[in-house]
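In our numbering, the protein residues as written are 122 to 171. Report on the structure given below.
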Amino acid sequence: SVDPVIEGDTLTLQCLHRSTNSMILRADFYKDGSLVQNQTTGEMKITTVS
Numbered sequence: 122s123v124d125p126v127i128e129g130d131t132l133t134l135q136c137l138h139r140s141t142n143s144m145i146l147r148a149d150f151y152k153d154g155s156l157v158q159n160q161t162t163g164e165m166k167i168t169t170v171s
């Protein structure tokens, strides 16, 4: 299910991919065109949404 995000909440963004290849894939997360994080887990956690 999907719930609304409220200011101050913690939010986890996940990047899912379909691949039979076991190599590590990198996910880049951007805000307003600027790189915020890159992760090999495909997940980014925002601890205090504003």
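Where is the CB? At the ideal position from N, CA and C, for every residue including glycine.
Among Y151, T133, R139, which residue has its Cα nearest to the Cα of E164?
-> Considering only alpha carbons, the answer is T133.
G129 beta carbon less than 8 angstroms from that of V170 | Annotated as proximal: V170 and G129, with beta-carbon spacing under 8 angstroms.
Tell me which same chain residues have a C-beta within less than 8 angstroms of the C-beta of H138, skipping the five on either side of it?
-> Closer than 8 angstroms at the Cβ level, and outside the excluded window around H138, lie L146, G163.
The beta strand (DSSP E) with V157 in it runs from where to where?
-> Where V157 is concerned, the enclosing beta strand (DSSP E) stretches over 155 to 160.
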